[in-house]
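In order, the protein sequence lines correspond to chains S and F. With numbering that gives the first Met the number 0, letter number 121 in the first sequence gets 120, and the count goes up by one each step, no holes. With numbering that gives the first Met the number 0, letter number 46 in the second sequence gets 45, and the count goes up by one each step, no holes. Glycine included, each C-beta is placed from N, C-alpha and C at the ideal position. To start, the structure under review is shown below, and the notes come after it.
2 protein chains.
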Amino acid sequence: MSPVYDRVALIGLGLIASSMAHAMRRWGLAGEIVGTARTAETRAIAREDGLCDRVTETAAEAVQGADLVVLCVPVGAMGAIAAEIGPHLAPGATVSDVGSVKRAVIDAVAPHLPDHVHFVPAHPLAGTEHSGPRAGFAELFKNRWCLIVPAEGSDIQAVARLRRLWEGMGANVDEMDADHHDLVLAVTSHTPHLIAYTMVGVADDLRRVTNSEVIKYSAAGFRDFTRIAASDPTMWRDVFLNNKDATLEILGRFTEELFALQRAIRTGDGDLLHAYFTRTRAIRRSIIEAGQDTSAPDFGRAATPAGETQPKQAARS
Amino acid sequence: MSPVYDRVALIGLGLIASSMAHAMRRWGLAGEIVGTARTAETRAIAREDGLCDRVTETAAEAVQGADLVVLCVPVGAMGAIAAEIGPHLAPGATVSDVGSVKRAVIDAVAPHLPDHVHFVPAHPLAGTEHSGPRAGFAELFKNRWCLIVPAEGSDIQAVARLRRLWEGMGANVDEMDADHHDLVLAVTSHTPHLIAYTMVGVADDLRRVTNSEVIKYSAAGFRDFTRIAASDPTMWRDVFLNNKDATLEILGRFTEELFALQRAIRTGDGDLLHAYFTRTRAIRRSIIEAGQDTSAPDFGRAATPAGETQPKQAARS
Chain S
0 MSPVYDRVAL IGLGLIASSM AHAMRRWGLA GEIVGTARTA ETRAIAREDG LCDRVTETAA
60 EAVQGADLVV LCVPVGAMGA IAAEIGPHLA PGATVSDVGS VKRAVIDAVA PHLPDHVHFV
120 PAHPLAGTEH SGPRAGFAEL FKNRWCLIVP AEGSDIQAVA RLRRLWEGMG ANVDEMDADH
180 HDLVLAVTSH TPHLIAYTMV GVADDLRRVT NSEVIKYSAA GFRDFTRIAA SDPTMWRDVF
240 LNNKDATLEI LGRFTEELFA LQRAIRTGDG DLLHAYFTRT RAIRRSIIEA GQDTSAPDFG
300 RAATPAGETQ PKQAARS
Chain F
0 MSPVYDRVAL IGLGLIASSM AHAMRRWGLA GEIVGTARTA ETRAIAREDG LCDRVTETAA
60 EAVQGADLVV LCVPVGAMGA IAAEIGPHLA PGATVSDVGS VKRAVIDAVA PHLPDHVHFV
120 PAHPLAGTEH SGPRAGFAEL FKNRWCLIVP AEGSDIQAVA RLRRLWEGMG ANVDEMDADH
180 HDLVLAVTSH TPHLIAYTMV GVADDLRRVT NSEVIKYSAA GFRDFTRIAA SDPTMWRDVF
240 LNNKDATLEI LGRFTEELFA LQRAIRTGDG DLLHAYFTRT RAIRRSIIEA GQDTSAPDFG
300 RAATPAGETQ PKQAARS
């Protein structure tokens, strides 16, 4: 199979970029994979693991001769990277990114790109709570959605080619405009993350319940929040600072609903609570039917994460 | 191995009771298991599946001659059940429950129990988003905590015997007083559930983002909330109505913190956000070290819940 791109440059080598490297290699999608990262430590790990065919010291060097450049850095760092690589981009190259926010990335990146390249922003809706160059794996994008957000006047063929790359890595691809993307993600990702961070912060900060109690008894629901709240702090700081309006809009709606439920608890309105909790069950069912989550109880989580294989012997009575 | 109890009566046959039946049978903890449920449908399923040794039509009948009676009904139904079984309890029997709230259960149940029985409330911190008599499995309690909340003057031997039963089913057991239990659970379970229900409700109700978008793109974080928000509506209505004070206290703290983070987003205070998001990571680590969750990315969730095993072929460029 011939590759979709001859040379792909990955700028930043965290969870998404390292997963792309594994996936492109496994399915023969790139002739050569060049990578670079801000820290010497990450570059050293990438070299040691053979993550890319070549690891360069700078982004300017990495993009030379690449027909696809993918910015895989936190949203707040995209503008500076674009300014650095702009003069070194090959004519006809496609520049893309994997940022969780699209309007702010387009505003930050586009002004630095020469006319002779195609800018096709994208966002794979995939990730785990782990980060860094060793967190990646080839199947991360399988059956997940990748949203391509063509900038105004994006070349149709460049968009189609990027779509083939993402489909080759197992993703389903949709196109969407930047503002709608940012609102959809505020609902499906950004606000849920902020809420999870907040709940975990509250638990951590209580005087009357100890941390060891919170940790021991977390299986009752709380631990699901801690997974989300373990995501990369820099990435998420940048998401909130760069998708401010949509996040604040959805947070406003969330607070309004929360107050309505809080009031129902205070006044003892069991019917309202029951009706609300019944309605939310249907969405879960739809997500499982759409293949976006497992129906196994508890996400199919192992019953004995600590490695026990036998229950304790029952004591005699 | 001799059983811990000669005859155990399970009142209500949902997820917890059916898991207890499987576990007690597998590990030989009960001489005989008798069960009953409110609806004829549940009783019929239990009979068809052979879930218990005997299924009775009424709770009064089920408790006759039992040396352990476990109330496994929603918290709001406990008082009525206690009134019904009170006159039929055998002298020396232990009455326990599995309710997620303890103060309200004690207040509702204790007045109906005769002096010749031991009342030892308990709460296994285990569950899944599934409910009903077919949702149970023997390993549900393995490596999970069960909190025993002895009522004032509980018999020490009765408490020790109930502890052996739960340990026999694989649980770790702690003792705690009722008010502290209700506060700890408000943090680790009740407030997180209310927040998850609210977030899912907001997403369901938005006009500008369609439900199909929410469902397709849920893997970005939202889907974890939907699992929690798929839990049994009746059980959760009763939890909030019966743990009102503690839940409202924690909700108040949550809202306060959420407003602080919201303000940081509005004013662009990236340092505050970054510091907050860094702090919450540590709790996740502790939960994994305590064996209360898996460290596998995404809870070890299968990458292809829809059953795909091969990625799409990469299109040729």
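How do the segment 260 to 268 of chain F and the segment 64 to 78 of chain S stand: do at least 3 beta-carbon pairs fall below 8 Å, yes or no?
-> no
For the alpha helix (DSSP H) holding Ala274(F), just list the boundary residues, first then last.
-> As a working mapping, residue 274(F) is identified with position 275 in the second sequence. It spans 269 to 288 - the alpha helix (DSSP H) in which Ala274(F) sits, taken as one unbroken run.
To the nearest angstrom, how far is it from the Cα of Ala150(S) to the Cα of Leu12(S)?
-> What you label residue 150(S) is simply residue 151 of the first sequence in a count that begins at 1. What you label residue 12(S) is simply residue 13 of the first sequence in a count that begins at 1. Spanning the two alpha carbons is a distance of roughly 25 Å.
Tell me the DSSP bridge mates of His122(F)?
-> Indexing the second sequence from 1 puts residue 122(F) at position 123. Answer is Leu146(F), bridged to His122(F).
Do Ala245(S) and Ala185(S) have their CB atoms nearer than 9 Å?
-> Indexing the first sequence from 1 puts residue 245(S) at position 246. Indexing the first sequence from 1 puts residue 185(S) at position 186. Cβ atoms of Ala245(S) and Ala185(S): closer than 9 Å.
Within 9 Å, strictly: CB atoms of His122(F) and His189(F) | Residue 122(F) sits at position 123 when you count from the first residue of the second sequence. Residue 189(F) sits at position 190 when you count from the first residue of the second sequence. Taking 9 Å as the Cβ cut-off, His122(F) and His189(F) do not qualify as a contacting pair.
Alpha carbon of Asp204(F) to alpha carbon of Ile286(F), nearest angstrom | Residue 204(F) sits at position 205 when you count from the first residue of the second sequence. Residue 286(F) sits at position 287 when you count from the first residue of the second sequence. Approximately 34 Å, taken between the alpha carbons.
With 7 Å as the C-beta to C-beta threshold (strictly closer), list the residues of the segment 263 to 284 of chain S near chain F in chain order.
-> Ile264, Arg265, Gly267, Gly269, Leu272, His273, Tyr275, Phe276, Thr277, Arg278, Thr279, Arg280, Ile282, Arg283
Does Gly98(S) come within less than 9 Å of chain F when only Cβ atoms are used?
-> Within the first sequence, residue 98(S) is the residue found at index 99, counting from 1. For Gly98(S), the answer is no, since every Cβ of chain F falls outside 9 Å of its Cβ.
Using the DSSP secondary-structure output, state which residues sit across from Val68(F) in a beta bridge.
-> The residue you call residue 68(F) lines up with position 69 of the second sequence. Per DSSP, Ala8(F), Val94(F).
Taking the C-alpha atoms as reference points, what is the distance between Arg162(S) and Arg162(F)?
-> For this step, residue 162(S) is matched to residue 163 along the first sequence. For this step, residue 162(F) is matched to residue 163 along the second sequence. If I take the Cα positions, the gap works out to 58 Å.
Alpha carbon to alpha carbon, how far is Leu14(S) from Ser130(S)?
-> One-based indexing of the first sequence puts residue 14(S) at position 15. One-based indexing of the first sequence puts residue 130(S) at position 131. Going by the C-alpha atoms only, they are around 5 Å apart.
Pick helix, strand or coil for Glu138(S), following the three-state DSSP scheme.
-> Here residue 138(S) refers to the residue found at position 139 when the first sequence is read from its first residue. Looking at Glu138(S) - three-state DSSP - the assignment turns out to be helix.
Is there at least one Cβ from chain F nearer than 9 Å to Ala125(S)'s Cβ?
-> The count along the first sequence starts at 1 and reaches residue 125(S) at position 126. By this cut-off, Ala125(S) is an interface position.
Nearest candidate by alpha-carbon position, reference Leu88(S), set Ala79(S), Ala65(S), Ile105(S), Ala109(S) = Locating residue 88(S) in the first sequence gives position 89, counting from the first residue. Here the closest residue by C-alpha is Ala65(S).
Taking all protein chains shown into account, decide if Phe253(F) is buried (16 or more other Cβ within 10 angstroms of its Cβ) or exposed.
-> The residue labelled residue 253(F) in the question sits at position 254 within the second sequence. Phe253(F) should be labelled buried.
Could you confirm whether any beta carbon from chain F is found closer than 9 Å to the beta carbon of Pro214(S)?
-> As a first step, residue 214(S) is located in the first sequence; it is residue number 215 there, counting from the start. Rather than Pro, the amino acid found at residue 214(S) in this sequence is Ile. By this cut-off, Ile214(S) is an interface position.
Check Ala256(F) in the structure and name its three-state DSSP category.
-> Here residue 256(F) refers to the residue found at position 257 of the second sequence. Note on identity: in this sequence residue 256(F) is Glu, with Ala being the wrong assignment. DSSP places Glu256(F) in helix when its eight states are reduced to three.
For Thr35(S), the residue or residues it bridges with in DSSP = If you number the first sequence from 1, residue 35(S) lands on position 36. Looking at the DSSP assignment, Thr35(S) forms a beta bridge with Ile10(S).
Does the beta-carbon of Pro2(F) have 16 or more other beta-carbons within 10 angstroms, so that it is buried, or is it exposed?
-> The residue labelled residue 2(F) in the question sits at position 3 within the second sequence. Buried: at least 16 other Cβ atoms inside 10 Å.
Considering only C-alpha positions, which residue in the set Ala228(F), Thr93(F), Leu112(F) is nearest to Phe276(S)?
-> For the purposes of this step, residue 276(S) is identified with residue 277 of the first sequence, where counting begins at 1. Nearest option by C-alpha distance: Ala228(F).
Taking Arg101(S) as the reference, which of Lys141(S), Asp176(S), Asn210(S), Met168(S) has the closest Cα?
-> As a first step, residue 101(S) is located in the first sequence; it is residue number 102 there, counting from the start. Arg is not the amino acid found at residue 101(S); the sequence shown has Lys there. The candidate whose alpha carbon is nearest that of Lys101(S) is Asp176(S).
In the DSSP assignment, find the beta strand (DSSP E) that holds Glu174(S) and state where it starts and stops.
-> Locating residue 174(S) in the first sequence gives position 175, where the first residue counts as 1. Per DSSP, Glu174(S) belongs to the beta strand (DSSP E) from 171 to 174.
What are the residues of the segment 57 to 78 of chain F that lie near chain S, defined by any Cβ-Cβ distance shorter than 7 Å?
-> none
Taking Pro296(F) as part of the alpha helix (DSSP H), name the residues at either end of that continuous run.
-> If you number the second sequence from 1, residue 296(F) lands on position 297. Taken as a continuous stretch (DSSP letters only), Pro296(F) belongs to no alpha helix (DSSP H), as it is neither H nor E.
Residue environment, His117(F), which counts as buried when at least 16 other CB atoms sit within 10 Å = As a working note, residue 117(F) is residue 118 in the second sequence. Label assigned to His117(F): buried.
Nearest-angstrom Cα separation, counted from Ala59(S) out to Gly98(S) = What you label residue 98(S) is simply residue 99 of the first sequence in a count that begins at 1. What you label residue 59(S) is simply residue 60 of the first sequence in a count that begins at 1. Those two C-alpha atoms are separated by around 20 Å.
Can you round the beta-carbon distance between His111(F) and Ala82(F) to whole angstroms, since I take them to be within the 8 Å contact cut?
-> Here the question's residue 111(F) lines up with position 112 in the second sequence. Here the question's residue 82(F) lines up with position 83 in the second sequence. Yes, His111(F) and Ala82(F) are in contact; Cβ-Cβ is about 5 Å, under 8 Å.
Helix, strand or coil at Arg133(S) [DSSP, three-state] | Translated into the one-based positions of the first sequence, residue 133(S) becomes position 134. In this structure, Arg133(S) counts as coil in the three-state DSSP scheme.
How far does the alpha helix (DSSP H) with Glu128(S) in it reach, from first residue to last?
-> The count along the first sequence starts at 1 and reaches residue 128(S) at position 129. Counting along the chain, Glu128(S) falls outside any alpha helix (DSSP H), and DSSP gives it neither H nor E.
Could you list which residues in chain S have their beta carbon closer than 9 Å to that of Ala29(F), in chain order?
-> Translated into positions along the second sequence, residue 29(F) becomes position 30. Going along chain S, no residue has its Cβ under 9 Å from Ala29(F), so there is no contact; the nearest lies around 10 Å.
Given Arg53(S), which residues of its chain have a CB within under 6 Å of its CB, disregarding the five upstream and five downstream residues?
-> Translated into positions along the first sequence, residue 53(S) becomes position 54. Closer than 6 Å at Cβ, skipping near neighbours: Val33.
Contacts of Asp297(S) in chain F (Cβ-Cβ under 7 Å) | Numbered from 1 along the first sequence, position 298 holds the residue referred to as residue 297(S). Chain F residues near Asp297(S): Thr127.
If you draw a straight line from the C-alpha of Arg226(S) to the C-alpha of Ala103(S), how long is it?
-> Along the first sequence, read from residue 1 onward, the residue named residue 226(S) stands at position 227. Along the first sequence, read from residue 1 onward, the residue named residue 103(S) stands at position 104. The alpha-carbon atoms of Arg226(S) and Ala103(S) are separated by roughly 27 Å.
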